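A short write-up of the structure that comes next.
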Amino acid sequence: MPFINVKQLAGRTVEQRAEIARELTETYVRVTGVSPEAVTVVIEEIPLENWAAGGETYAAKRAAG
Numbered sequence: 007m008p009f010i011n012v013k014q015l016a017g018r019t020v021e022q023r024a025e026i027a028r029e030l031t032e033t034y035v036r037v038t039g040v041s042p043e044a045v046t047v048v049i050e051e052i053p054l055e056n057w058a059a060g061g062e063t064y065a066a067k068r069a070a071g
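Listed below in structure tokens is the structure:
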């Protein structure tokens with residue numbers, strides 16, 4: 007049973023997350039031939055203050071402009 011885990015910064019709409027799950031599932035099905043029901047997609051949204059790059063959180067980067 008394929009399991010696809012997406013980690014992204016928080017802020018996408020419900021519709022965007024649904025489309026991401028749909029597109030990932032369709033691609034996996036097309037490439038591997040498994041049934042769509044076998045594919046699990048989990049989208050984890052990480053708050054900007056909990057994700058950092060270059061030693062600075064994305065919340066701080068956005069606040070700085």
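Quick note: to get this note's numbering, add 6 to the position in the sequence shown (first position is 1). Heads up, the beta-carbon is just placed ideally off N, CA and C, and yes, glycines get one too. Just so you know, these numbers come straight off a predicted model, no measurement behind them.
Exercise for the section: Please go through the same chain and pick out, in chain order, the residues whose beta-carbon is closer than 6 Å to the beta-carbon of V48, but skip the five residues on each side of it. Expected result: N11
Problem - Through-space distance from W57 to R18, alpha-carbon basis - result: 15 Å
Exercise for the section: Compare the beta carbon distance of T31 and V45 with 8 Å and say whether it is the shorter of the two. Expected result: Annotated as proximal: T31 and V45, with beta-carbon spacing under 8 Å.
Problem - Distance CB(E51)-CB(A24) smaller than 8 Å - result: no
Practice task
Could you pull out every residue in the same chain whose Cβ sits closer than 6 Å to the Cβ of G61, ignoring the five residues on either side in sequence?
Solution key: Cβ within range, chain order: n/a, list empty.
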